[in-house]
Amino acid sequence: MIIGSHVSFKNDGLLGSAKEAISYGENTFMFYTGAPQNTIRKNIDKNTTTKAHELMVNNNIDINNVICHAPYIINLANKAKLEAWQFSISFLKQELKRCEELGIKYIVLHPGSAVSHSKKEAINNTIEALNEVINQNTNVMILLETMAGKGTEIGQTISELKEIIDHIIYQKKIGVCLDTCHLNDSGVDINEFDNYLTEFDKEIGLPKICCVHINDSLNPIGSHKDRHANIGYGTIGFDNLLKVIYHDKLKDVPKILETPYIEEYPPYKFEIESILKKEFNSRLKEDVQNYYKNL
Ligand code: FE
Ligand code: FE
Ligand code: ZN
């Protein structure tokens, strides 16, 4: 089982991220290179990066399973303000460079929001942008995330993702990141997850799935809301999430939790314990509070 969570990059970059992941008992993790809402970024520090790599080797974290997430404000789908679109392209190029410096293989990207464009135009804008970002020397794989369909988001159906992926020139550099909350909110019944995988395999191909975000959802199927819940505390439920996490066809794919903090405390240590035990934790809040208050 390759499992981890979203962690911070704030303290010593990758070194701080790795330390945080280890403190939760994880064997992988996901980070943003800065705040997800903005594009202010510090230079990558070589020294702490080397230390992070050593720490990971010593703690059974394979760097090939570690995931970066591009900031939300990158929007490749909206070309209405040409300058903003071009900035998104150049910023994503810089993110890929940072990933390379860090030794990271995967970056998750939201396919974008159409805003005033039609869906078709928006998809074409994203394709054009991605083909400008990805070239033959690109060493990082961009994983398009399945979206909830909030607002004018694109990439909420298999066919939308397929349309983008089919038009990417360098096929080896494009993949998909499933998000269980987003799938639920987009209208996929996780109870019938096998049907989804079958269709995905037929249309895009299972090898394209390189990461899965494991989140419960606060809202019902098809709500297009995108609000994450703790594992077993949402409408998807513990057993359905386990079906995804332990799915044979996704065995070697990194699973990343992006569940909400409980008060100011991270829940990941206890959520991952309950996943590994395959036992729903009905005392998650108490466990998290007791642990971090006494730390
Ligand atoms: Fe995301
Ligand atoms: Fe996600
Ligand atoms: Zn989400």
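Each residue of the sequence shown is one higher than the last, beginning at 3 in my numbering. Quick reminder that beta carbons are idealized off the backbone N, C-alpha and C, glycines included.
message: With the cut-off set at 8 Å, would you say LYS107 and VAL135 are in Cβ contact?
response: no
- request: Spell out whether any CB of chain B is found under 8 Å from the CB atom of LYS53.
  value: The structure shown has no chain B; it contains just one protein chain.
- prompt: Nearest to LEU98 by CA position, among PHE195, HIS249, THR30, TYR34, is which residue?
  reply: TYR34
message: Just checking ASP64 against ligand 2 - is the residue's beta carbon closer than 7 Å to any of the ligand's heavy atoms?
response: no
query: DSSP state of LEU145, grouped into three classes?
result: strand
task: May I ask you to check if the CB of ASP191 is nearer than 7 Å to at least one heavy atom of ligand 3?
output: no
task: Please name the residue in ILE206, PHE195, LYS122 whose C-alpha comes closest to that of LEU145.
output: ILE206
Chain-ordered residues, beta carbon under 6 Å from a heavy atom of ligand 2: GLU147, ASP181, HIS215, GLU260
LEU94 to ILE277 span [Cα, whole Å]: 34 Å
message: I'd like the list of long-range same chain contacts for LYS257, defined as Cβ closer than 6 Å, with 5 residues on each side in sequence excluded.
response: ILE5, VAL214, ILE216, ILE247
- request: Quick one: using the 10 Å Cβ neighbour count with 16 as the cut-off for buried, is GLN138 buried or exposed?
  value: exposed
task: Please confirm if the stretch 111 to 120 is in contact with the stretch 49 to 65, defined as three or more CB-CB distances below 8 Å between the two stretches.
output: no
Per-residue burial, MET3 [other beta carbons within 10 Å of its own, 16 or more giving buried]: exposed
Length of the line joining the Cα atoms of LEU252 and VAL178: 12 Å
- request: Let me know if THR200 comes out buried or exposed under the rule of 16 or more other beta-carbons within 10 Å of its beta-carbon.
  value: exposed
- prompt: What's the call for ILE42, buried or exposed, on a 16-neighbour Cβ count within 10 Å?
  reply: exposed
message: Looking only at its chain, what residues have a beta carbon closer than 6 Å to the beta carbon of LYS210, apart from the 5 residues adjacent to it on each side?
response: GLY177, VAL178
field: SER188 (DSSP reduced to helix, strand or coil)
entry: helix
message: Considering just the uninterrupted stretch of the beta strand (DSSP E) at THR30, what are its terminal residues?
response: 30 to 33
field: Expected contact under 8 Å - CB spacing of ALA116 and ALA124 to nearest Å
entry: 3 Å
- request: Would you check if the stretch 9 to 25 and the stretch 45 to 56 touch, i.e. whether three or more CB-CB distances between them fall below 8 Å?
  value: yes
query: Thinking C-alpha only, which one of GLU260, ASP254, PRO113, ASP168 is nearest THR182?
result: GLU260
message: Looking only at its chain, what residues have a beta carbon closer than 6 Å to the beta carbon of ASN61, apart from the 5 residues adjacent to it on each side?
response: ILE24
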